[in-house]
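Here is the structure we will look at.
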Amino acid sequence: MEESLKTYEEYFSQAVEVRMRHYEKEGRLQHVMLSHQFSISLMEELFDIADHVKEMTRKPNGIEFLKSLLCHKKAMLYFTQPSTRTFLSFLTACQMVGMDTGEVRDPSLSSEYKGESQEDGVRVFSSYFDMIIMRDPKPGFCEYMAYLLDSTGRSVPIMNGGSGKDQHPTQALLDLYTMHRSFQKTGGIPKKRYAFVGDLLRGRAVRSSVMLLSQYKDVEMEFIAPSSFQIAADLEEYLLSQDVNIHKTDNLESVISSVDCIYMTRIQDEYDLSGESNLIDYSKYSLTPDNVSRMKKNSIILHPLPRRHEISPEVDADPRAMYWRQLRNGVYIRAALLLYVFNVAHRLKEY
Ligand code: NCD
Numbered sequence: 002m003e004e005s006l007k008t009y010e011e012y013f014s015q016a017v018e019v020r021m022r023h024y025e026k027e028g029r030l031q032h033v034m035l036s037h038q039f040s041i042s043l044m045e046e047l048f049d050i051a052d053h054v055k056e057m058t059r060k061p062n063g064i065e066f067l068k069s070l071l072c073h074k075k076a077m078l079y080f081t082q083p084s085t086r087t088f089l090s091f092l093t094a095c096q097m098v099g100m101d102t103g104e105v106r107d108p109s110l111s112s113e114y115k116g117e118s119q120e121d122g123v124r125v126f127s128s129y130f131d132m133i134i135m136r137d138p139k140p141g142f143c144e145y146m147a148y149l150l151d152s153t154g155r156s157v158p159i160m161n162g163g164s165g166k167d168q169h170p171t172q173a174l175l176d177l178y179t180m181h182r183s184f185q186k187t188g189g190i191p192k193k194r195y196a197f198v199g200d201l202l203r204g205r206a207v208r209s210s211v212m213l214l215s216q217y218k219d220v221e222m223e224f225i226a227p228s229s230f231q232i233a234a235d236l237e238e239y240l241l242s243q244d245v246n247i248h249k250t251d252n253l254e255s256v257i258s259s260v261d262c263i264y265m266t267r268i269q270d271e272y273d274l275s276g277e278s279n280l281i282d283y284s285k286y287s288l289t290p291d292n293v294s295r296m297k298k299n300s301i302i303l304h305p306l307p308r309r310h311e312i313s314p315e316v317d318a319d320p321r322a323m324y325w326r327q328l329r330n331g332v333y334i335r336a337a338l339l340l341y342v343f344n345v346a347h348r349l350k351e352y
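So the number in our numbering is just where the residue sits in the sequence shown, counting from 1, plus 1.
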């Protein structure tokens with residue numbers, strides 16, 4: 002191991018390619034930190050496992066069998082940033098494959114209140130649990146925790162459930178799983194036009210999903226946002242280096258009838274420095290039955306949720322609205338990821 006990097010800022014300032022080296026063990030993902038870690042073939046393997054898991058949960062003996070697969074493992078859910086879906090779907094996924102769980106969601110009720118560092122806290126979790134699933138407001142912090150744990154020689158896999166404005170790799174996986182399932186009859190994910198709408202600068206779900214999607218051939222991406230919330234320069238640079246055909250606009254109406262997928266997002270005003278969200282007329286970045294009626298017949302609408310006003314509830318009944326299905330898919334793909342990381346997915350054949 003190279004000389005130790007003393008702070009997480011120091012660690013996070015290294016290039017992604019350097020950091021990524023720490024997250025694999027014997028040719029297998031050990032820590033799930035970044036969407037860059039998923040190749041198309043790994044994604045397809047996970048989609049396949051998730052399809053099996055989904056199928057098995059329809060029958061009582063399938064449910065029982067799934068529960069036997071990881072009943073010897075325990076996961077710690079350490080979520081210091083608000084969460085409903087990610088927390089609950091990881092919890093449900095753990096229960097589905099038989100894992101026991103522990104949780105800390107409010108650091109004021111843990112020894113952090115007594116002045117214990119997060120680093121020491123995570124080390125405690127690794128002594129009691131076989132995996133840590135974490136969400137933290139600081140970009141790159143869970144990556145640093147994974148790196149530190151590895152250097153203690155008592156490492157357990159860490160999964161990133163959202164790292165500030167930076168990454169949300171399992172959200173990206175469930176987004177692509179939903180695209181994969183939705184486009185099964187229309188040629189799959191490649192060769193389609195995808196629109197991302199809203200606060201594209203600060204939304205980590207978009208950032209991670211776009212990175213994952215950019216691996217597919219001939220996808221076109223439309224980024225629709227007010228200029229102050231357009232995609233970050235580093236993401237644009239990355240997409241151009243991947244030869245993705247990208248367009249930026251602030252006019253949703255100009256693209257709505259030509260795209261195959263619209264990925265909506267809420268304004269991320271928790272990251273405001275001085276009320277900048279209040280300057281935006283978000284109705285221009287919203288879906289209503291009226292503009293949805295101009296979308297292609299086989300197109301889909303995704304949203305990582307929670308939503309505010311950017312999708313009117315009347316749109317929920319439209320067959321193109323996939324966001325409720327998308328959140329259910331999150332449980333199956335996360336269960337698939339648990340089976341993969343603990344290397345028991347091959348046992349599904351026994352069922
Ligand atoms: C997203 C998140 O937390 O980044 N939500 C989620 O995980 N489903 C999106 C958001 O909060 O807007």
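Where a beta carbon is used, it is the ideal one built from N, C-alpha and C, also for glycine.
Query	Result
Just curious, the alpha helix (DSSP H) that Y148 is in, first and last residue?	142 to 153
Buried or exposed for I64, please, with buried defined as at least 16 other CB atoms from any protein chain shown within 10 angstroms of its CB.	exposed
So I334 and L78 are in contact, right, with Cβ under 8 Å, and what is the actual spacing, rounded?	Their Cβ separation, rounded to whole angstroms, is 17 Å, which puts I334 and L78 out of contact at 8 Å.
Kindly identify the DSSP beta-bridge partner or partners of Y79.	V105, M135
If you count every other CB in all the chains shown that lies within 10 Å of the CB of N342, and 16 or more means buried, which is it?	Note on residue identity: the sequence assigns Val, not Asn, to residue 342. Looking at its Cβ environment, which holds 16 or more other Cβ atoms inside 10 Å, V342 is buried.
Label A234 either buried or exposed according to how many other C-beta atoms from any shown protein chain fall within 10 Å of its C-beta, with 16 as the threshold for buried.	exposed
Report the option in N279, L149, L43 whose CA atom is closest to the CA atom of K7.	L149
When burial is assigned at 16 or more other CB atoms within 10 Å of the CB, is M2 buried or exposed?	Caution applies to M2, whose pLDDT of 45 falls short of 50 and renders its modelled position unreliable; the model cannot decide the point.
Spell out the partners DSSP gives K26 in its beta bridges.	R29
Please give me, in chain order, every unbroken run of the beta strand (DSSP E) with length at least 3 that falls completely inside the stretch 227 to 289.	246 to 250, 262 to 265
Under 6 Å Cβ to Cβ from G165, same chain only, skipping five residues before and after it: list those, please.	P138, K139, P140
Is the beta carbon of Q172 sitting closer than 8 Å to the one on T87?	yes
Quick one: give me the first and last residue of the beta strand (DSSP E) that V316 is part of.	Note, V316: premise wrong, no beta strand (DSSP E); not H, not E.
Quick check on the contact list: which residues have their beta carbon closer than 7 Å to a heavy atom of ligand 1?	S84, R86, T87, G163, H169, Q172, G204, R205, A206, T266, R267, Q269, P305, L306, P307
Determine the burial state of R22: buried for a count of at least 16 other Cβ atoms within 10 Å of its Cβ, exposed for fewer.	exposed
Residues in the same chain with beta-carbon distance under 7 Å from F66, minus the five sequence neighbours each way, listed in chain order, please.	M57, Y352
Quick check on the DSSP output: the beta strand (DSSP E) that includes N299 runs from which residue to which?	Counting along the chain, N299 falls outside any beta strand (DSSP E), and DSSP gives it neither H nor E.
Starting from the Cα of D161, find the closest Cα among S42, V345, D244, S84 and give me that residue.	Sequence inspection shows Asn at residue 161; the Asp mentioned does not correspond to that position. Residue S84 is the option with its Cα nearest to N161.
Should N344 be labelled buried (16 or more other beta-carbon atoms within 10 Å of its own) or exposed?	exposed
With a CB to CB cut of under 7 Å and the five nearest residues on each side skipped, what residues in its chain are close to L30?	Y24, Q38, V342
Just to confirm my understanding: we take F91, look at its own chain, exclude 5 residues before and 5 after, and list those with CB closer than 7 Å. What are they?	L78, I134, G162, R335
Where do the N-terminal and C-terminal ends of the beta strand (DSSP E) with F344 fall, by residue?	Before going on, a small fix: residue 344 reads as Asn here, not Phe. Looking at the DSSP string, N344 is not in any beta strand (DSSP E), and its letter there is neither H nor E.
Do you know whose CA, among F48, P307, T289, S258, lies nearest Q269's CA?	P307
Could you check the C-alpha separation between P314 and R329 for me, to the nearest Å?	18 Å
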